[in-house]
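Residue numbering for the sequence shown follows the numbering used here, starting at 1254 and increasing by one per position.
Presented below is the structure to which this report refers.
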Amino acid sequence: MRYRAVALLAVAFGALALIIAPRIGAPAAWADSVVTTIPVGSNPAGVAITPDGTRAYVTNGASRTVSVIDTATNTVTGTPISLGYPSSGVAITPDGTRAYVAGGNYPDSGIVQVIDTVTNTLTAQFNPGSFASGVAITPDGSRAYVTGGVAGDGKVWVIDTATNAVIGAPILVGRNPAGVAITPDGTRAYVTNALSNTVSVIDTATNTVTGTPIPVPGTNPWHVTITPDGGRAFVTNNVSNTVSVIDTATNTVIGTPIPVGQGPLGVAITPDGTRAYVANRANQGDGSPAGTVSVIDTATNTVTGTPIPVGGDPRDVAITPDGTRAYVTNSSSNTVSVIQLDRSAPTTTPTTTTPTTTTPKPPKFGSS
């Protein structure tokens, strides 16, 4: 009788565990939240954070300025840096001493401008070509890759950062190139061609396009970012409201596009590679709600939790090197939202299940 009682008790505890345990395959979610909103200039677009994480540089397209945010206090420090031309994309050199600013989609936007981050002054301006939009810098800091050109004449210019001179002829890519990201080993640059619905891959040793442009199963691919291990590229499809994932070993798209919010633009991945944050440009002057940020679990390539509300028309997102905060530019609100990132293990929604006599196994968070 004693053994029978113990066995019945074990079964009862097993059934209770199944009732309260999260369902295997339930979507994982992190408790991320906006902690403050910072006023900046007019129509903020790009954002980049210094390698030491102490400052965020925000391009204000209509103001023709750059705001510098002290990330310790989340306040703008000093006077906005005046630029002679419009601004959109921004990238900071690995040593943190310079910020390269691309002009964006403005009539006089072919100019690339260079900021000395020690003095926060403009030190150089040069014109590699028309409609300079996106910019990325190699891990060794020796070169900057700038996307641009008109709709039918997409190009990428390579800049020698020691001299700020253009290296060689422009690299021909697809129509209306927008975003650019470089692999952690510096061997390849991935360029989104918005009007071709493709991604071009540039061999940085030869500065030539390698292979055939990668067809993206989405419309208007805009921004691209690479995982810290270099294994995957995440591409936002602005018109399709999705994110495509590319396997960089084979340069093919993995699985089906990931549904996110309306009009995704900027995307950034946490330093540990576990999450991708996508800025959804919901507010486009049509009275729709303010923008959001979707969080993708990169282990399952699924959106987790509820989209995070931010300001109007969010354009770009950057994450601090320690992975604790994300900075999101809100173009129509003229603000930057700061999201505190939950670094704990993700949680799942408990789901009641039918009790059985099988001993429950630990849940696999985020599995399908």
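Yeah, the Cβ is synthetic: ideal placement off N, Cα and C, and Gly gets one too.
Since we're looking at a predicted model, the values are computed, not measured.
Exposed unless 16 or more other CB atoms sit within 10 angstroms - verdict on residue i
| i | result |
| --- | --- |
| ARG1528 | buried |
| VAL1496 | buried |
| ILE1507 | exposed |
| VAL1570 | buried |
| ASP1550 | buried |
| PRO1524 | exposed |
| SER1335 | exposed |
| PRO1430 | buried |
| PRO1512 | exposed |
| SER1340 | buried |
| ASP1393 | exposed |
| PRO1304 | exposed |
| GLY1405 | exposed |
| SER1547 | buried |
| PRO1574 | exposed |
| ASP1285 | buried |
| ASP1320 | The residue asked about is misnamed: residue 1320 is Ser in this sequence, not Asp. Classification for SER1320: buried. |
| VAL1371 | exposed |
| SER1449 | buried |
| VAL1365 | buried |
| ALA1458 | exposed |
| ALA1352 | buried |
| ALA1298 | buried |
| THR1559 | exposed |
Pairwise C-alpha distance: residue j and residue i
| i | j | result |
| --- | --- | --- |
| SER1295 | ALA1315 | 5 Å |
| THR1557 | TYR1530 | 11 Å |
| ARG1317 | TYR1338 | 6 Å |
| ALA1447 | SER1493 | 12 Å |
| PHE1487 | ALA1502 | 14 Å |
| THR1489 | LEU1375 | 31 Å |
| GLY1342 | ASN1583 | 14 Å |
| VAL1589 | ALA1309 | 10 Å |
| VAL1354 | ALA1385 | 9 Å |
| THR1350 | ASP1369 | 6 Å |
| PRO1567 | GLY1516 | 10 Å |
| SER1241 | THR1391 | As shown, the chain starts at 1254 and ends at 1621. That puts residue 1241 outside it, with no answer to give. |
| THR1326 | THR1307 | 10 Å |
| VAL1469 | THR1451 | 5 Å |
| VAL1399 | SER1585 | 25 Å |
| ALA1434 | ARG1485 | 11 Å |
| GLY1331 | VAL1311 | 13 Å |
| VAL1426 | GLY1401 | 10 Å |
| ASP1438 | ILE1420 | 20 Å |
| VAL1293 | ASN1587 | 6 Å |
| ARG1441 | ARG1396 | 12 Å |
| GLY1382 | VAL1367 | 16 Å |
| VAL1498 | ALA1389 | 19 Å |
| GLY1432 | ASN1473 | 11 Å |
| GLN1593 | GLY1544 | 17 Å |
| ALA1344 | VAL1288 | 25 Å |
| THR1555 | ALA1377 | 42 Å |
| ARG1534 | GLY1565 | 7 Å |
| THR1577 | ALA1521 | 13 Å |
| VAL1444 | PRO1423 | 14 Å |
| PRO1347 | PRO1562 | 31 Å |
| ASP1456 | LEU1518 | 25 Å |
| ASN1373 | TYR1580 | 20 Å |
| THR1328 | ILE1291 | 7 Å |
Residue i, enclosing beta strand (DSSP E) - first and last residue
| i | result |
| --- | --- |
| GLY1432 | 1430-1435 |
| ASN1380 | Run containing ASN1380: none; DSSP gives neither H nor E here. |
| PRO1560 | 1555-1562 |
| ILE1455 | 1451-1456 |
| SER1547 | 1545-1550 |
| VAL1426 | Counting along the chain, VAL1426 falls outside any beta strand (DSSP E), and DSSP gives it neither H nor E. |
| GLN1593 | 1588-1593 |
| VAL1371 | That residue, VAL1371, is in no beta strand (DSSP E); it is neither H nor E in DSSP. |
| ILE1420 | Careful: ILE1420 lies outside any beta strand (DSSP E) and carries neither H nor E. |
| LEU1336 | First-last for LEU1336: undefined, no H or E at that position. |
| ASP1413 | 1408-1413 |
| LEU1518 | 1517-1522 |
| VAL1354 | 1351-1355 |
| VAL1581 | 1578-1583 |
| ILE1507 | 1505-1512 |
| GLY1439 | Per DSSP, GLY1439 belongs to no beta strand (DSSP E) and is neither H nor E. |
| ALA1502 | Per DSSP, ALA1502 belongs to no beta strand (DSSP E) and is neither H nor E. |
Contact test: residue i Cβ vs the ligand PLP heavy atom, cutoff 7 Å
| i | result |
| --- | --- |
| ASN1373 | Within the structure as shown, the ligand PLP is missing, as the structure has no ligands at all. |
Checklist entry - Just checking, does the region 1474-1490 make contact with the region 1409-1419 on the three C-beta pairs under 8 Å criterion? => result Flag = no, the region 1474-1490 and the region 1409-1419 do not touch.
Checklist entry - Considering only residues of the region 1289-1330, which uninterrupted beta strand (DSSP E) runs meet the minimum length of 3 residues and lie entirely inside it, listed in chain order? => result Secondary structure remark: continuous beta strand (DSSP E) runs of at least 3 residues inside the region 1289-1330, in chain order: 1297-1302, 1308-1313, 1318-1323.
Checklist entry - Can you list the beta strand (DSSP E) stretches of 3 or more residues lying completely in the region 1467-1500, in chain order? => result Counting only runs of 3 or more, we get 1474-1479, 1485-1490, 1495-1500.
Next on the checklist: So, does the region 1459-1468 touch the region 1507-1519, judging by three or more C-beta pairs under 8 Å?
Outcome noted: No: the two stretches stay apart, fewer than three of their Cβ pairs being nearer than 8 Å.
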